[in-house]
Each structure stands twice: as C-alpha cells, then as structure tokens.
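When you read off a place in the sequence shown, starting at 1, and then add 757, the result is the number in our numbering. From the three backbone atoms N, C-alpha and C, an ideal C-beta is built for every residue, glycine too. Heads up, the thing below is written out as structure tokens.
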Amino acid sequence: MATTTSQPVTGQGHISGQSNKPMSRPAHSLTSDDVVRELQGDSVRGLWPEEATRRITEFGRNELTKQKPVQPLTILLEQIFNAMTLVLILALAASFAIKAWIEGALLGTIILFNIATGFIQSLQAERTIASLRTLSSPTCNVFRNGDTVRIQTAEVVPGDIIDLQTGDTVPADMRLIDAVNLEADEALLTGESVPILKSPRVTFDEDTGPADRLNIVYSSTTITKGRGRGIVFATGMFTEIGAIASALNGGDEDRADNRGSVLKRAWKRSVQWLSDFLGLAKGTPLQRKLSQLFCWLFGFAIACGIIVLAANKFNASQDVILYAVTTAIGTIPVSLLLALTVSLAAGARALVDRHVIVRNMSSLEALGGVTNICSDKTGTITMGKMIARKAWIPGCGTFSVNSGNEVYNPTTGEVSHNVMEPKDMQREDTSQSAAVTPADEVKSNVPLQWYLTISSLANLATLESVKGDSEKADMTWKAKGAPTEIAMAVFASRFGWNRAHLSQGSHAQWSSIAEFPFDSDVKKMSVVFRDTKSQQAHVFTKGAVEHLLSSCDRIAVGEDIKALADADKANVIANMEALASQGLRVLALAHRQYEDNICEADFLPRGTAPSRELFERNLIFRGLIGIYDPPRPESLLSVRMCQRAGIVVHMLTGDHPQTARAIAADVGILPSPEKMRLLPIKVTDSIMMTATQFDALSDSKIDDLPQLPLVVARCTPSTKVRMIEALHRRNRYVAMTGDGVNDSPSLKRADIGIAMGTGSDVAKSSSDIVLLDDNFGSILNAIEEGRRIFDNIQKFILHILAANIGFVIALLTGLAFRDDSGISVFMLTPVEILFLLMGTGAFCETGLGFEKGVPDILNRPRHDIKYGIFSPELILDMVVYGILMAICMIGPFTVVIFGFGSGDLGFECNHKYSGSCDTVFRARATCYTAITWVFLFYTWVVVDLRRSFFYMPKGLRVWGRHLWENRFLFWSIVGVFLVTFATLYIPVLNRDVFLHSGMSWEWGVVAITFGIFVAGVETWKWAKRVYIRRRTPAQQVDWTCEAGIPTANKI
C-alpha cells in the first residue's frame, strides 16, 4: 500500500471543477475524451496498478481531513479558561491567601458548580451530535488493467475509470463518459429537491455552477436511477465536498494578518490569542460583553483594593488586607456566571420539548438578537416531498390540489376545478374555481379517465396505507419511487385510480406488456399495456413537454380527438410556461392505441426488442401536470412573524430561479406583485438573484446594493458564505439554517448555525442548534426562547450589578469609619456580602432566569445589537438602583452608630465580638438585614423594568397569582427571608461567622430604610414612564413590513 501524503487545502488557488493537478479547463467544460486524454487515463482498460500506486503517492488518498474526536479535557479547559471564571478563581486565591476560609469555600463552591454544569452540558451535546464522518462509500468498482476490481474508496485516484449503478455512493468527483438514465440525488450538496438526470455528451461554460453541471457526478452523492461510467478527476480535498470541508477546517485562519515584520505579526497573533483565550473576541455578543465586563471589573477591583490600602496608609495587617479583598469581592458579580449557566441550561432543556437541541448554550440567548435568517428551501421552508399541484386537461379545464399536511395521503386535502386554462388564470384567483369530489368527478369525465390512466400506468411508484401498531392508531401512507412519479400516483389515487387496481388482480383492466425507461436523450418514459377486454395494446407516455409534443400528431380536446396544429402546440407551450412560472415542474402526458400485434415475448432478452421509436410516435396529447415541493403550512405564518419581529428572512437555495421565486412568494419572503411595483427599480433588481449574478459582484458592489437579495437561486456553498459576510459588513446578526453538506460552511460562518435533524452529520457538527422536526416554525420557538432568556439575563444582570455598585459605594464610604486603632471597620463583613451575593443573589437571580416571556415577545423589534445586553436604560437603572442600595446600607449603619449610639467603633471589630463592639455588631446587623430585605424586594422590582410593582389592573388576586407563577423565585425570596432570621439569632453563627448580633429596636430602622427604597424605586419608575410617554409618539417606529421588508431597518 502506498504511503499517504498530506493533501493541500482546497481554496488555496484551487478552482471548482478542476482536477487535483489542473487541466486546461474544468472537467465540465471538456468532453469526456478530452478529460481522459489530459488525465492520461484509459477508458477501456483503466490505470495500471503501478500507475495507480504512483498517483496515490502524488495526489494523496481520497479522504477528507478528519476532525478531532470529542475531547473531554479540551471541553473542561474551555469552561475554566475564560475571563469570567478566571476572575472568580483570582478572587478565590486572594481569599485563601489571607486565610478567609469561609469566604473562599463559598467562592469555590460557585466556581465548581459553574464549571461542572457547563462541562456536562457541552460534553453531552458533543456526544449527541456526531463529529464529521466519512461520507464516501467504503468500496467501489474500478477498472485496473482491463479488470474490474473492488477497492477502498480511499485508494481511488484521478484517472480511475469507475462503473456506477443504482444505489451506489459516488466515491469522487467524476466526469461521465457514458450514462443510461442516470440520476443522482445531490440534495445534500446542491440543495436540489429532486434527483438530477445526467447527460455525459454535453459540455458547459467554465463559470457554470455545480448544480448545473449535468455531465459531472459528485463525491458522496447517491445514484438513484440508471447506470453509467465515468473518469475520476478530483479526489479528497479537491472535490466539491473537499472544498466544503476545507472551508470548515480553515474558517478562522483568515483572521491572521500576514503583513508587517515578524515581530509585529507575532505581537498581533499574541494579542489575538489572548483575546480569544479570555473570550473578548470570540463567542456571542453576550459572551464578549460579559468577558469584557469581567476584565474591567477585575481591573476596577484591583483599583478598589489599592484605594483601601492607600486609605489605611498601606498597612499590611490582616484587617486592612481583608477589607481590601472584601471591597474587591464586592465589585465582582460572583453569582452572575451561576445564574447565567443555570438559565441557559434550563432554556436548552425547555427547547427539547419544542423540537430543538441546543449544542452551544451561549448561542441560545444570542438568538434573541438575530436580525436576519438565511434559510435553505428544501425540507426547511418546504416539505421536501413532491406533490401534484396543477393538472390541465385540454377542453376540461384545470384541476388544482391543496394537499394539506399529509402529502402522501390521497384522502385528505381538497381538489378544485376551473374551466379556464392555466395561462388564462391569475395565480391566486380562485373566483372561478369550485371544489369537486374526485370520486364523483371522474365517473362521467372520459378525458379525465384517460389522463388518470396515463398517470397511473406510466408510473413505477407505489403508494400504500399502513395501519399503526395500536388499534386506535391512524392509517399512514407510505410511498416508494421517484419523487415525480409518487406525486403523479398520489394525484391519480385521489380519484380512485392507481396502477395496482388497474393492472393487478383477477379483475384487472390492463396487463403489462413492455416498459421503456426514462431516457436522457428522448426525455420520455413509456409503457405498453393491453386492454384485457378488447385485447388491444395501448401506449402510455409521459415526459418533457417539448420532447413529447414532437411525438404527438393529435390532441384530445374534451372527448374529441383532432389533429395537432401549430396553434395547439403554441397553446400547450403557453400553458406550460404559465405553470412553470408558478415554480412547478411540468410534465406532459400522451397516449395512443397500438394497432400492430405485440406481446411480452417480443421483449424477451433472447430476441431483438422493437425500437421505442415505433411506439413513441403518433401520440395523442392528453394534458400537463405541474409538480412541486410545497411549502410547509406553517412557513407563511412563521415568515410573517419573523418580519413583525424585525427579522428579515432570506432564502438561499440550489433550486431553479422560477421555483425559488414561486416558493418565496408563497411564504411571504418576496413581496406580492402589487407591492413589488411600489418598490424602486434598484430594489426590485436586487431582491431576487441567481448565484451567478451575485457572485459576479465584487464586495464593494454588493455593499452598494440598496437591498441585499431576499432570494438567491442556484446557490453554491461559497455564495451562501458571501451572503453572510455581506450581512456582517452591514452589522447584521445572522442565523443560517440548512441540512445539507453544502450548508456547512455557511452554518459555521453564521453567528448562529441551525441544522436540521434529518440533515447531514457535517451540517450538524457545524451548527449551534439542531431542529429535530426540520421545521422552519421551530426556529421561531428558538428565537422566542432566546428573547425570553435575553430579557431574563438583563433582569438578573441588573439585579447583581446594581448590588455591586451599592456595595462598592458603601464599602469605599465606610473607609471613613475607623476604630480606635485607626483601621477601617466593616460596614458589611465578607461573609455577609458573599451571603447576599451568593445566597440572596444566586437563588433570586436564578429564579429570574425562569421568568416567563411577555405575551408579545415576538411582536416587538429585536434588541439593538449595538448595545446588546447593556442598553442605555439598563445602565441608567443600574446606577440609580445602585445608589439607592448604597443609601440603604450607609444610612442604617450610620443611624445606629451615630444617631442612637455614641459613635464608638470599638476595637478589632472586624475579627471578633467584644463589649466594645456591641454597637458595631448591632449596626452591622441592621445594615445587613435592611439590604437583604431591599435585595429581596428588588428581585420583584426588576421583573418589569418600567411597570410599578403594585400595578393591579385585574385585582389583587391576579397580581398575587403572577408572583406565585414563578415558584422557584417565590420560594427563593421566602426562603432567604426566613434564613436571615437564623443568621441573626443562632448563636455562634451570628457573632463568630457573620460578625453581627441580634436586633431589637433596630427593626424600626430596617422598616424605615425598606420604605425609603420602595418609594425611591416607584418614583424612578414613574419618572421613566412619564419620560417614555412624552418621547414615544414623536419617535414611534412602524415595524410593519412594507413589501416584505421591515421599514425600521436598512437591510
């Protein structure tokens, strides 16, 4: 076996469609003979084994770069080495350094819980979503030295000749040499919803996209029909799949700046590494802002410690150092990471019930800030299943089908009939359509009977109903066969027509004689059946409209048969174009009676079978059928809800432009024709593009577009990535949905990658979120949950940071309170502060994370990503409430010490209780109890940032029920309230641990302080409401969508 060599990375100068070693032109632009010649292959004998071995050495094995397996240690280190955790670890180290064991133990508990929760959640997600797997089939048939040998696909080299059959997975990118009815399923690569018929004889321009290269089959795609032979021109990372893998593996490498001196580049890389290490430049906006916050707070904590030391003349006694550490701890939101982790984990669990798996917890809150969703079409916006939408029968009119949710169930949905032809019907006009009962309609309609007979017999699909396991289970319908044939079979079955009933059993009307499979040259498929009553043979044919018309010399108009004139042909083409403009794939149906004697024996292999040309001529044209992949029923509502929420939906698909336009219009991504006419020409020109048009634009020209395309057809992976990058340059926060291998680079490049549960493993491994039901509507569930979590994160961040501001102000002010030895006396001890931050804070803030979302959470605009979590209102609230809290700490302590006491601050009251410290201990208890009550009440204050806590429009009972709905928060507040009494009055715990004493008359001071805080909060909220009411009418934004585009944003 040859030695494996490393593969160069695709994208470093490699051109799509080229070989590992570039040819004169891409393979799809050359004839098969030219490709064989340039690759020095042999289409008859194949490569010599020695030559194949040499090429493995030269080009490397036919493998993709493998991703590393799940590494628990790496995941654990990621939980530890971030700015938020490191700051807490430094605070822990400082506590232990000064032998503050209780404070250190509390901090250590929180750190371990945070790390354990994040580690378990991330490890489970990574193990649930498998990493990149080998997509190629393990073996394939290759010609080597004139013999067919079966080898591992990893040993395939450029120049190999390979045979392909139905069911094979293509081992490498191949230029077809021969093909017979060869169809390949390329949905996971190009997004095409139906298998692609290949044609080896044609050539294409060099800039033709992968979806339109009909002479190429791609690595990892599946042969669904026919057989063929081709020559391998690209292997490993040089295949289209390899280009995608390369984009996934090297997506972050382009951030390195290679300009400047070695020292300058090293400095930049060091800064970049440090930023990534601390989470300052990577992750969601919230992650980055919180990492920045913790870094700033860490610096501020050091500054506060220095201020404390300076105020005490840098006295190195344990008292001074302990006060400095206490002040520093007071600046750090120690419970924030805990509340954030628990809130995100709870949100992830809640979304499982809504068919969403969250791989990256931090991405969940980021969904609330999504401004644009770039979605694939097939299987996401649409059902991923083909149905017959329209059927036109000359002289009888047009039948339309609304299938409902069960596309394979012929007993559901509605069939309507319109006497007009498709070209004369307005697309949405149903005024002249009337619902019909299929079983009754077919009884006396002879043209319809012939039409359904062709649909049933020129069809190899099977459709059957299956009873569920339980007795009460409903019938389910299952179909097998080509998607277009399944659609035709379901349509015929609605009228009681199907192949099994017509041709099987003792009472069968038809018996099969012969079949001519679909051929890529003639683009027709025909069957020959004998009428069991008349014993007359009939030919039933379906195929591409233009090709079938060329085989027809008559047309059925109603029950009359007449010669097919040029005007009739033009009319058929016009109707075909009308159906195609609706995004339908149009097939023609025809039939004839075969006069000559014919039997099955004539088609046996031992003889020379009659040519299909003898049968596929002089046909009678019977009608057209329009087939498409229908939108999911919920897609239209979901898109509209996104638009109302200020989110712009883009559809990036590999489908044909007409199909993409029709589906986008159906689900509301593109504006209606009436609204389209109201838009400026520059907008209408850019609102819908093909990938070729979009990729031809430079980045600067894309940035100059007044409107980025809402629909891009014939998309390639690079097109999707360019769209995301263009949105990023407009400061958009982008979610990308997809299920195919072709979606993987864009899923990774997007801010939020959303993969489909039935999609490829590559897509899942590149995503942050996985939709188990492949439903676009589930994205709204995730966004709704993301907005709820974002709102709740704002609430508990406001809760904890306002307290930190209050603590810092109070502790720095408390530097003025000195005892007989000149040492500053704790207004609040470290244990009291940690109890408030971790006991009161951790439970109450976690409870805030369980708050329900407001009813209209999806009807409001998304938050401003410029500010993110720290909006101007939140920052102002933080300062105001922090000052109020500082007053509520300084006030009670001062009143007890100086108002009712002698002003004596005792001796060594920061260490132990003594008679001289009695007043200090009682003042400290008063301050501690007052701020605990304030802190608990403040939890309910931040549930609504503007509305009064006492707002009771529906009465006291409803108001109380609202407080009770969040039981975790309710019992957290009640529990901490009761525990406060224990910390005040249990011996040893009060004086030895918390360093305070029980109270008596001081309860009056606590009550007055609490009342002052309530009055201050309500006054501030009232002032905000007045200000907002005065400003809102002048600055109200219309978030309704004009022409499908939110008017509040430039897209």
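For residue i, the three-state DSSP class (helix, strand or coil)
i, result
"F870", "helix"
"W1267", "strand"
"I934", "strand"
"S894", "Its pLDDT being 42, under 50, S894 is placed unreliably in this model, and the coordinates cannot settle the point."
"D969", "helix"
"L1341", "coil"
"F1156", "strand"
"D1011", "Because D1011 sits at a pLDDT of 44, beneath the cut-off of 50, its placement in the model cannot be relied upon, and the point is left open."
"P1388", "strand"
"D1353", "coil"
"I886", "Confidence in I886 is poor, its pLDDT being 44 and thus under 50, which makes the residue's placement unreliable; the coordinate value appears in the next sentence. In this structure, I886 counts as coil in the three-state DSSP scheme."
"G1383", "strand"
"Q1464", "coil"
"Q922", "strand"
"R1479", "helix"
"E963", "coil"
"D1749", "helix"
"D1412", "coil"
"M1182", "coil"
"M1709", "coil"
Residue interval of the beta strand (DSSP E) (run including residue i)
i, result
"A1320", "1317-1320"
"W1149", "1144-1150"
"W1234", "1232-1237"
"T1473", "Where T1473 is concerned, there is no enclosing beta strand (DSSP E), given that its DSSP letter is neither H nor E."
"A1512", "1509-1513"
"L1409", "1405-1409"
"M1493", "1491-1495"
"T1740", "T1740 -> not in any beta strand (DSSP E); alpha helix (DSSP H) instead, spanning 1724-1742."
"L711", "Coverage of the chain is limited to positions 758 through 1808, which leaves residue 711 absent and any answer about it impossible."
"A1402", "Here A1402 belongs to no beta strand (DSSP E), and DSSP marks it neither H nor E."
Beta carbon of residue i nearer than 8 Å to that of residue j
i, j, result
"C1645", "I1769", "yes"
"V927", "S977", "yes"
"Q1308", "A1347", "For the record, residue 1308 in the displayed sequence is Ser; it is not Gln. Contact: yes."
"L1615", "L1537", "yes"
"F1297", "F1286", "yes"
"H1304", "K1281", "yes"
"I1481", "C1052", "no"
"E1198", "N1216", "no"
"V1405", "V1424", "no"
"M1513", "D1496", "yes"
"F1811", "V1763", "Nothing can be reported for residue 1811, as the shown portion of the chain is limited to 758 through 1808."
"Y1490", "G1126", "yes"
Same chain, Cβ closer than 7 Å to residue i, five either side skipped, listed in chain order
i, result
"A1103", "G1606, F1607"
"A1058", "A1085, T1088, I1089"
"M1635", "L1555, L1558, A1559, I1562"
"N1723", "G1604, F1607, E1608"
"M1642", "A1559, A1560, G1563, I1688, V1691"
"G861", "L849, S852, F853"
"E1178", "W1149, T1155, N1332"
Neighbourhood of residue i by C-beta, 8 Å cutoff - its chain only, sequence neighbours within 5 removed
i, result
"L1631", "Q1551, I1554, L1555, L1702"
"D1011", "Summary for D1011: the model assigns pLDDT 44, below 50, so the residue's position carries little reliability; its value from the coordinates is reported in the next sentence. There are no such residues."
"L1094", "M841, T842, L845, I867, N871"
Residue i, enclosing alpha helix (DSSP H) - first and last residue
i, result
"V1691", "1675-1698"
"C1309", "Looking at the DSSP string, C1309 is not in any alpha helix (DSSP H); the run it does join, the beta strand (DSSP E), is 1309-1314."
"G1534", "1533-1570"
"K955", "Element bounds for K955: n/a, residue is neither H nor E."
Cut-off 6 Å between Cβ atoms - residues of its own chain near residue i, not counting five sequence neighbours on either side
i, result
"D1310", "L1321, N1375"
"T1797", "In this prediction, T1797 scores a pLDDT of 33, lower than 50, which makes its location untrustworthy; the coordinate-derived value is nonetheless stated afterwards. Once the five neighbours on either side are set aside, T1797 has no close Cβ partner at all."
"T885", "With a pLDDT of only 49 at T885, under the threshold of 50, the placement of this residue in the model should not be trusted; the figure read from the coordinates follows. If we look at T885 and ignore the five residues flanking it on each side, it has no Cβ neighbours."
"I1144", "S1160, V1164, A1244, P1387"
Original post:
Where in the stretch 1253-1306 do unbroken runs of the beta strand (DSSP E), each at least 3 residues long, occur, reported from the N-terminal end onward?
Top reply: Here the runs fully enclosed are 1267-1273, 1281-1288, 1294-1300.
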